Amino acid sequence: MMKTWIALAVAALAVVPSGRAQAQPRSAHEARVAIDRRTENLKQSPALARQFSPAQENAARALQQRVPGARIDSDLLTGAPRYVGSTREFLTGAGGRGGAVSEAALAAVPASDEHRVVKAFLNEHAALFGHDSRALDAANVTRDDTSSSSGFRTTVWQQHVDGISVFESVLIANVTRHGELMNVSSHFLPDADRAATAGTPNRHALVARPKISATDAAAIAASATGLNVSSAAFSVGKSAVGAEKRQTLNSAHLVGPGWAKLVWLPMGRDSMRLCWQVSITTKVPQLERYHAVVDAETGELFVLRGLKSDIGPASYNVYTSDSPAPFSPGWPTPSAFQPPETNRVLVTLPALDTNASPQGWIPDGGNTTVGNNASAFRDRDFDLVPDIPQPLGVGTNRVFDYPLDLTGQPISYAPASTVQLFYRANWYHDRLYQFGFTEAAGNYQNNNFGRGGLEGDGLLCLVQAGADLGFSDNAFFIPDVDGVPGIVAMFTFSSPNPNRDGSLDQEVVIHELTHGTSERLVGGGVLMNALQSRGMGEGWSDFYALTLLADPGDDIDGNYATGGYATYQFFGLAENYYFGIRRYPYSTDLTKDPLTFKDIDPTQADPHVGIPVSPLFGGSDPSEVHNEGEVWCVALHEVRAALVKKYGGTIGNSLVLQLVTDAMKLAPVDPNFLESRDSVIQADLARTGGSNYDEIW
């Protein structure tokens, strides 16, 4: 239960408002690039942080009087109410009546308006938001997703000016099937048009003809990543489209095409600059995708973010459990003993769920590890192009049965590893589809079958990524916005002899795939950047790997290592099936896993003397994202344990996965721990009427 780790620490720990990857030991792990000149100024001068105005404070107090336990958080840059919700009840009753919406406000919005409750709420609380429902009428709906089982609807509006999106300025509302407003999260500027004029006085001339071109902006972004190139190194592969002048970018220095488009960048509540948002994928020193925001008039780089998060029928000969040597739960105490290897299983199926994959994993006429959801291939030179032809299925039944001898080096069984990664990526796609990660929710598919979302973004799954260039002992996921393919890269692990292939460790694979899920679901698909939200990204990834691979009869109070197979002899680690790649095994036993909420704060973290800790990570920074992720994962694991004890393994595991997936959709942009905790409680309130409140809280 979350209260074990959070309730006792919340009074002592100052939670900073929100402003990935299996990895090498953190001391050797390079931090992900995250530069934002706007928030850096706030950190240097906290007095500049935007607080609620007196009018907003009065409006917030009035709302809290009407909704018991209402939580209202502000955005430090713009002062927008970034999260409004309560764990005790919804913001309104059924049909939008009661709570924070009066009958008069509801009656003022036509009953035929599909967003009636949201608009009535904004009209009633315009003093808090700085605008009323007309801001929605002037915005674009970028996501409209109704969860099939729980029935709650997530709608995301994108603010824009002159037909150009305002960077990360979204309003997210969640409404139950009964018309109850669950929560609202906003990054809207009160008057975006006025802010554009104030920050960019020559805005109309600049929109028509930016002084900095898209290729100029790409060169500026590339230079900031360490590539010394000029704009001449880039060419426009597809001409500018629409008011945003969206275009593709090609360069010999990039892996695959990049893209650029115009955006308005909020500099505060009342000012915006016209900028280019650029996405490029570089190869040196490692494969990495960057998003940059460059001023379209001056060329100043305001934002630079690395996105990588480290770590018909056909038949597939694969490992259906955790790894070639599955052992979950792991040892009760640190132990160097290794479990025996198991055999693969020949699995024959068109797809795990043909509703999720209507064409099957491989379409009719196809006979390689390429499908609508994923393309898997060996890529030892890290160029996103298959090194050799992708594995072929044999015969009319398309049997993918390649030899695998674990006494040899991974290159000798690369086709078998490719089949394994293709199988698991598709299996994961179908399982998460069942929990609501669908086309409309932003999943990864080349063809969305007219079911919403942006298509053309099936996963690229790299086997033995970069092995010929010396890359090893890692795995990562590179996300991007809906409509742009994600990249999952599985490395070899070099410590044991022979080396081990990360594609065979299904805990590592699912960890990375879940980065793709959380980045698309949380905050309406605005990619996560704040430290706590990125830490939770690591925690969600560990949790889904732990829970999706669980058998109903597993000891819920056992010890669970993450990535035990891949991490054998990892930097000398012998107790891989106890610690895995984390400081402690995941456990409900505080004498085995002692972490609580305060352990994300370097000033309050407990050394937990006397409790065995991994020799690899024992002294690492508590606020490092993987360490924060451990705290979030064990919190979710305790919820899972409580639900399994209440309902049994099959129902309990399925329910907790559903609640956590729902909760991602309910979370604001860049949530902190408390906001994400509240989202889990709200998810249960929507699905079960709050019958599991005690188990969660």
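The sequence shown maps to residues 587 to 1283 in the numbering used here. C-beta atoms are modelled at their ideal positions from N, C-alpha and C, and glycine is treated no differently. Predicted model only: the values in this text are computed from it and were never measured.
With a threshold of 16 other CB atoms inside 10 Å of the CB of LEU932, please say whether the residue is buried or exposed. exposed
VAL904 and VAL879 look like a contact to me (Cβ under 8 Å); what is the Cβ gap, rounded to whole Å? With a Cβ gap of about 42 Å, VAL904 and VAL879 do not count as contacting.
Go to ARG668, then tell me how far its alpha helix (DSSP H) extends in each direction, as first and last residue. That residue, ARG668, is in no alpha helix (DSSP H); its beta strand (DSSP E) goes 667-671.
Please classify ILE974 as buried or exposed, where buried requires at least 16 neighbouring CB atoms within 10 angstroms. exposed
Extent of the continuous alpha helix (DSSP H) to which THR801 belongs: 800-810
Taking one C-beta from the stretch 1144-1151 and one from the stretch 1088-1108 each time, how about it: are there three or more such pairs within less than 8 Å? yes
Nearest to VAL747 (by Cα), restricted to the options LEU860, VAL1266, LEU813, THR940: LEU860
If you run the structure through DSSP and keep just helix, strand and coil, what is VAL1217? helix
Nearest-angstrom Cα separation, counted from ALA693 out to ILE750: 33 Å
Contact set for LEU840: own chain, Cβ-Cβ below 7 Å, skip 5 residues either direction: ILE866, THR867, THR868
Which listed residue (SER1003, GLY1056, LEU1048) has its alpha carbon closest to that of ILE1064: LEU1048
If we require 3 or more residues per run, which beta strand (DSSP E) segments fall completely within the stretch 720-744? 726-732
Return the first residue and the last residue of the beta strand (DSSP E) that GLY892 is part of. 887-892
Only counting the same chain, and skipping five residues up and downstream in sequence, which positions put a Cβ closer than 6 Å to that of ARG832? LYS847
At which residues does the beta strand (DSSP E) containing MET768 begin and terminate? 767-772
Are there 16 or more other CB atoms within 10 angstroms of the CB of ASP723, so buried, or fewer, so exposed? exposed
C-beta atoms of ALA800 and TRP743 nearer than 8 Å: no
Is the stretch 1215-1234 in contact with the stretch 1177-1189, if contact means three or more CB pairs nearer than 8 Å? yes
For GLU1224 and ASP1054, what's the separation of their Cα atoms in angstroms? 42 Å
Counting Cβ pairs, one atom from each stretch, are 3 or more of them under 8 Å apart for the stretch 1016-1028 and the stretch 1038-1045? yes
Name the residue from LEU662, ARG966, PRO654 whose alpha carbon lies nearest to the alpha carbon of GLY684. PRO654
Alpha carbon of THR673 to alpha carbon of ASN709, nearest angstrom: 23 Å
I need the straight-line Cα distance from TYR1172 to ASP718, nearest angstrom please. 46 Å
Is the beta carbon of ASN1032 sitting closer than 8 Å to the one on ALA937? no
Does the distance from the C-beta atom of GLN1244 to that of SER734 stay below 8 Å? no
To the nearest whole angstrom, what separates the beta carbons of ALA1002 and LEU992, a pair I think is in contact under 8 Å? In fact, because the Cβ distance is near 10 Å, the residues do not count as touching under 8 Å.
Beta-ladder partner(s) of GLU874, from DSSP: THR868
Inter-residue spacing [alpha-carbon to alpha-carbon] between PHE888 and ASP622: 6 Å
Apart from the five residues on each side of it in sequence, which residues of its chain come closer than 7 Å, Cβ to Cβ, to ASP1016? ALA937, LEU938, ASP939, ALA942, SER943
Mind checking THR728: buried by the 16 CB within 10 Å criterion, or exposed? buried
Tell me which residues share the same chain as PHE753 and place their Cβ nearer than 6 Å to its Cβ, disregarding the 5 neighbours each side in the sequence. VAL849, LEU851
Thinking C-alpha only, which one of GLU1210, LYS1178, GLN1190 is nearest GLY1196? LYS1178
So TRP1126 is in the alpha helix (DSSP H); what residue range does that whole segment cover? 1117-1134
Closest residue to LEU982 among ARG964, PRO996, VAL1005, ASN953 (Cα-Cα distance): Note that residue 982 is Thr in the sequence shown here, rather than Leu. Among ARG964, PRO996, VAL1005, ASN953, the Cα nearest to that of THR982 belongs to ASN953.
If you draw a straight line from the alpha carbon of GLN976 to that of PHE1062, how long is it in whole angstroms? 21 Å
Between the stretch 1128-1143 and the stretch 769-789, do three or more beta carbon pairs fall short of 8 Å? no
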